[in-house]
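Everything in the sequence shown is counted per the UniProt record's numbering, starting at 1 for the first residue and increasing by one.
Backbone N, C-alpha and C fix where the C-beta goes; we use that ideal spot for every residue, glycine too.
Taking it in order: structure first as structure tokens, then the write-up.
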Amino acid sequence: MAVQLRNRTDGQWEQVQPQAVIDANMRNYIIYGIEGLLMTLTNIPIVLSVLRYKALRDQKEFIIVGGLAFADGFHGFAYLSAAIGRINLLLNGDGFVLKSRWHCGTRVWNISWTFANNLAGLMLLVVSIDRLIAVSFPIRYFNFTKRYACVLVGGAFAYICITATVSFSFSYQYQEPEFPAICQISSGMHDGYYNNVPVANQTPISMMLTLNAMVNIFIYTLRFKEMRNGLKALITCQKKLPAATANAPSVATNQRTCSLLNFLSSKLTRAATRIDPAEFLRHPRRLPKITPTPIYPNPVPNSDPVTALRLTS
């Protein structure tokens, strides 16, 4: 359906929209603002913590988490700025004044979205790649330093900067007013770029859902045998020790008794050996000769180690 245009008194062209459409857009942007505020407030503390504490910056895991939090927080800021800017335009009656593609591409929310909307999806992909490397090469992954994490996060940031620069260079060529001033993200990009270039439109959402799921499935397939063996060992252990699990107090008592007997046995061994001083004086450079103590004619039964310790001391 063709949209009716009218020429305003200030010389600008404006789309004529019913009040119901304006109210629906207003409600949507209020939701945008709430969502963006929550995303920003919940991710900024994580980024600030990683930036402030050197102990966190020295660990590769926290660098990746910090990069993901920055991407999500930046994404939330894009929602928040879009809500504030568009609501302000609608309240002033300028929301449907026609603007150029370059004008829309340089709005604060569209600049933020050009970077953040793509970066959020790529950072999820980075997390999946890091998880895949961790389970595929666990020993080698343990020796990785923070440089490894910086390469992953920096690669995602560099790719987004390149694609955003290409997008801005294309939109600069269009200076004629053709889109409403509320400026959807597609209004600030070249149509061919928005529809065909990866991570230029809603591809990050599909990338986040498909590639992340594919990596997880590959991880589970790679480690399925190990998980199955571990689960089998756990079930076997539970079947072989039903009495011990059913009578936990007696098991603890038996463990304490065994520990006491081991302690007393070590004391008996020390008491049963003595050093001959005369042998040490004749040969001071040699190790002292250890001679066993005489055995009593009536040995104490093994069941009473306390009495044996008293008699041999």
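In terms of residues, what are the limits of the beta strand (DSSP E) holding residue i?
i	result
residue 15	13-15
residue 6	5-7
residue 186	Run containing residue 186: none; DSSP gives neither H nor E here.
Quick check: the Cα distance between residue i and residue j, rounded to an integer number of angstroms?
i	j	result
residue 129	residue 146	15 angstroms
residue 116	residue 47	15 angstroms
residue 55	residue 108	34 angstroms
residue 100	residue 81	20 angstroms
residue 93	residue 190	27 angstroms
residue 171	residue 192	11 angstroms
residue 18	residue 27	15 angstroms
residue 126	residue 163	17 angstroms
residue 182	residue 158	29 angstroms
residue 38	residue 31	11 angstroms
residue 366	residue 14	Residue 366 lies beyond the range of the chain shown here (1 to 313); nothing can be said about it.
residue 155	residue 133	16 angstroms
residue 16	residue 60	54 angstroms
residue 185	residue 113	7 angstroms
residue 180	residue 23	16 angstroms
residue 49	residue 166	33 angstroms
residue 51	residue 64	12 angstroms
residue 95	residue 21	11 angstroms
residue 98	residue 177	5 angstroms
residue 4	residue 160	37 angstroms
residue 103	residue 111	11 angstroms
residue 36	residue 118	16 angstroms
residue 10	residue 62	53 angstroms
residue 195	residue 91	32 angstroms
residue 58	residue 152	15 angstroms
residue 33	residue 8	30 angstroms
residue 244	residue 135	Its pLDDT being 46, under 50, residue 244 is placed unreliably in this model, and the value from its coordinates should be taken loosely. Going from the Cα of residue 244 to the Cα of residue 135 covers about 34 angstroms.
residue 12	residue 106	19 angstroms
residue 175	residue 83	25 angstroms
residue 6	residue 53	57 angstroms
residue 149	residue 67	9 angstroms
residue 25	residue 131	40 angstroms
What first and last residue would you give for the alpha helix (DSSP H) that runs through residue i?
i	result
residue 180	Not the alpha helix (DSSP H): residue 180 falls in the beta strand (DSSP E), residues 177-180.
residue 143	Where residue 143 is concerned, there is no enclosing alpha helix (DSSP H), given that its DSSP letter is neither H nor E.
I need the DSSP call for residue i, collapsed to helix, strand or coil.
i	result
residue 249	Summary for residue 249: the model assigns pLDDT 49, below 50, so the residue's position carries little reliability; its value from the coordinates is reported in the next sentence. If DSSP states are grouped into helix, strand and coil, residue 249 belongs with the helices.
residue 172	coil
residue 10	coil
When the cut-off is 8 angstroms and only beta carbons count, does residue i lie next to chain B?
i	result
residue 67	No chain B is present in this structure, which holds just one protein chain.
Runs of beta strand (DSSP E) lying entirely within the region 21-79, each at least 3 residues, in chain order: none
With three or more beta-carbon pairs closer than 8 angstroms as the criterion, would you say the region 35-52 touches the region 76-86? yes
Are there three or more Cβ pairs, one per stretch, closer than 8 angstroms when the region 134-154 is compared with the region 81-89? Not touching, per the Cβ criterion.
Within the chosen definition, does the region 57-71 reach the region 118-125 through at least 3 CB pairs nearer than 8 angstroms? yes
What runs of the alpha helix (DSSP H), each 4 residues or longer, lie entirely inside the region 87-126? Correct list: 101-105.
Contact the region 171-187 vs the region 144-162: 3+ CB pairs below 8 angstroms: No, the region 171-187 is not in contact with the region 144-162.
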